[in-house]
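Enquirer: Chains as they are written, first to last, in my numbering: chain A, 1 to 112; chain B, 1 to 109.
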Amino acid sequence: DTGVSQDPRHKITKRGQNVTFRCDPISEHNRLYWYRQTLGQGPEFLTYFQNEAQLEKSRLLSDRFSAERPKGSFSTLEIQRTEQGDSAMYLCASQGSDTEAFFGQGTRLTVV
Amino acid sequence: GQSLEQPSEVTAVEGAIVQINCTYQTSGFYGLSWYQQHDGGAPTFLSYNALDGLEETGRFSSFLSRSDSYGYLLLQELQMKDSASYFCAVRAAGNMLTFGGGTRLMVKP
């Protein structure tokens, strides 16, 4: 499978715990995006990378959230001290220089 | 900032044609994209309009009027598998997408 893959697909965590998600983009894509989607809503932009550089962060991305793309390939999104309001689907998308964005299946986070 | 408006729900019968409208307000606009998302699935790209006019891809067409800040997605010869949520999204600098709230399309036999 050469699409965007995300791991894990589902995560249940207790409030206050830290969680980390991983995204493996399509290999030749230099741009990588993180979005968050809640039930019945459209995806909301969180942050994006061009190669290893994080170029934009949404105001939605509080200081409990951090994202990295250390070698310009895979990316991680960490949420510290999770809150119930963090429960959502976290989507990763990658894009090449002349293509549309391809989304992964997402990681569904439930904070209990 | 960006805001997009689209109907929350549309119902149509198999074989029919349906149009999903999208109006937007934006501070930076490169183009309008359309995505399809089945329940539990990933958003999948359908169409993109950077310039005014109609883009046709098989049974799906998308239209853009930049002067009216308006676009639509037209689905023809509806099939049951077309039941899904459809999102319009404004593409801005960096190819970041701002999505509308989505339109849930239900296709009935």
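All C-beta atoms in this analysis are idealised placements derived from N, C-alpha and C, irrespective of residue type, glycine included.
From a predicted model like this one, the values you see are computed outputs, not experimental measurements.
Taking the C-alpha atoms as reference points, what is the distance between residue 65 (chain A) and residue 52 (chain A)?
Expert: Distance between the alpha carbons of residue 65 (chain A) and residue 52 (chain A): 17 Å.
Enquirer: Looking only at C-alpha atoms, which of A:59, A:39 and A:43 sits nearest to residue 91 (chain A)?
Expert: The shortest Cα separation from residue 91 (chain A) among A:59, A:39 and A:43 belongs to A:43.
Enquirer: So, helix, strand or coil for residue 57 (chain A), using DSSP?
Expert: Strand.
Enquirer: What does the alpha-carbon distance come out to for the pair residue 75 (chain A) and residue 91 (chain B)?
Expert: Cα to Cα, residue 75 (chain A) sits roughly 22 Å from residue 91 (chain B).
Enquirer: So who's on the other strand from residue 63 (chain A), going by DSSP bridges?
Expert: Answer is none; residue 63 (chain A) lacks a bridge partner.
Enquirer: Could you tell me if residue 80 (chain B) is buried or exposed, where buried requires 16 or more neighbouring beta carbons within 10 angstroms of its beta carbon?
Expert: Residue 80 (chain B) is exposed by the Cβ-count criterion.
Enquirer: Note down the Cα distance separating residue 59 (chain A) from residue 47 (chain A), rounded to an integer number of angstroms.
Expert: C-alpha separation (whole angstroms): 9 Å.
Enquirer: Does the count of Cβ pairs from the stretch 19–31 of chain B and the stretch 73–89 of chain B closer than 8 Å reach three?
Expert: The stretch 19–31 of chain B vs the stretch 73–89 of chain B: in contact.
Enquirer: Have a look at residue 110 (chain A) and residue 78 (chain A) and give me their C-alpha separation to the nearest angstrom.
Expert: Those two C-alpha atoms are separated by around 14 Å.
Enquirer: Going by other Cβ atoms of all chains shown within 10 Å of its Cβ, with 16 needed for buried, is residue 107 (chain B) buried or exposed?
Expert: When all chains shown are included, residue 107 (chain B) counts as buried.
Enquirer: Would you mind telling me which residues of chain A sit closer than 8 Å to residue 57 (chain B), beta carbon to beta carbon, in chain order?
Expert: Result: empty, since nearest Cβ-Cβ is about 12 Å, beyond 8 Å.
Enquirer: From this set, A:99, A:87 and A:9, which residue's C-alpha is nearest residue 112 (chain A)'s C-alpha?
Expert: That would be A:87, whose Cα lies nearest to the Cα of residue 112 (chain A).
Enquirer: For residue 104 (chain A), count neighbouring Cβ atoms within 10 angstroms of its own Cβ and tell me buried if that reaches 16, exposed if not.
Expert: Residue 104 (chain A) should be labelled buried.
Enquirer: Output yes if chain A places a C-beta closer than 9 Å to the C-beta of residue 72 (chain B); else output no.
Expert: Chain A contact via Cβ: absent.
Enquirer: Three-state secondary structure (DSSP) at residue 106 (chain A)?
Expert: Looking at residue 106 (chain A) - three-state DSSP - the assignment turns out to be coil, as it is neither helix nor strand.
Enquirer: Check for me: the beta strand (DSSP E) holding residue 101 (chain A) runs from which residue to which?
Expert: Residue 101 (chain A) -> no beta strand (DSSP E), and no H or E assigned at all.
Enquirer: If you count every other CB in all the chains shown that lies within 10 Å of the CB of residue 82 (chain A), and 16 or more means buried, which is it?
Expert: Buried.
Enquirer: Closer than 9 Å, Cβ to Cβ, to anything on chain B: give me those residues from the stretch 40–56 of chain A, in chain order.
Expert: Answer in chain order: 40, 41, 42, 43, 44, 45, 48, 50, 55 and 56.
Enquirer: Can you give the beta carbon distance from residue 59 (chain B) to residue 46 (chain B), rounded, assuming they're within the 8 Å contact cut?
Expert: Contact flag wrong, Cβ pair sits at about 10 Å.
Enquirer: Near residue 50 (chain A), which residues of its chain fall below 7 Å by C-beta distance, leaving aside the five closest residues on each side in sequence?
Expert: Closer than 7 Å at Cβ, skipping near neighbours: 30 and 31.
Enquirer: From residue 10 (chain B) to residue 15 (chain A), what does the alpha carbon distance come to, in whole angstroms?
Expert: One C-alpha to the other measures close to 37 Å.
Enquirer: Let's test the definition: count the other Cβ atoms within 10 Å of the Cβ of residue 32 (chain B) and tell me whether it reaches 16, buried, or not, exposed.
Expert: It counts as buried.
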